[in-house]
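Engineer: This is the structure I have questions about; it appears just below.
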C-alpha cells in the first residue's frame, strides 16, 4: 500500500494567499485551533502524516484568516470550548 497525499482547501489557501473564513471557531476543539497558531505565528503549515521530505510549507504572504463567533448572549445551548477575548 502506498500513501498518496493531496492538499485540501486549507493547504491551497495557505500556499496561494487566499483568505479563509473560520466560522464559530470558539466551538471547535482546542486541538483543531492549535494548527492555526503555527500558521499565524510561525508562518508555516505543518504537514502531519506526510511521508515526503518536506514536513511543512511556508504561508503565502497574502494569506489571511477571518475568525467569527457569536457573543455569549447569542450562543444557543452550547458552551464555548475555549475562552477567547477580543481586544
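Residue numbers (our numbering): 2 to 88. The C-beta atom is built at its ideal place from N, Cα and C for all residues, glycine as well. Quick caveat: nothing in here was measured; it's all calculated off a predicted structure.
Closest to residue 9 by CA distance: which of 25, 26, 46, 68 is it?
Structural biologist: Start at 1 with the first residue of the chain shown, and residue 9 comes out as number 8. Considering only alpha carbons, the answer is 46.
Engineer: Find the nearest neighbour of residue 6 within the set 30, 20, 48, 33, judged by alpha-carbon distance.
Structural biologist: The count along the chain shown starts at 1 and reaches residue 6 at position 5. Taking only the C-alpha atoms, the option nearest residue 6 is 48.
Engineer: Flag this pair as yes or no: are the beta carbons of residue 68 and residue 26 separated by less than 7 angstroms?
Structural biologist: Within the chain shown, the letter at position 67 stands for residue 68. Within the chain shown, the letter at position 25 stands for residue 26. Yes. Within cutoff.
Engineer: Does residue 48 come out as helix, strand or coil in the three-state DSSP assignment?
Structural biologist: Here residue 48 corresponds to residue number 47 of the chain shown, with the count starting at 1. Note: residue 48 maps to coil in three-state DSSP.
Engineer: Closest to residue 41 by CA distance: which of 24, 66, 33, 29 is it?
Structural biologist: Residue 41 sits at position 40 when you count from the first residue of the chain shown. Ranking 24, 66, 33, 29 by Cα distance to residue 41 puts 66 first.
Engineer: Span of the alpha helix (DSSP H) holding residue 37?
Structural biologist: In the chain shown, the residue the question calls residue 37 occupies position 36. 31-38 is the span of the alpha helix (DSSP H), which, as asked, contains residue 37.
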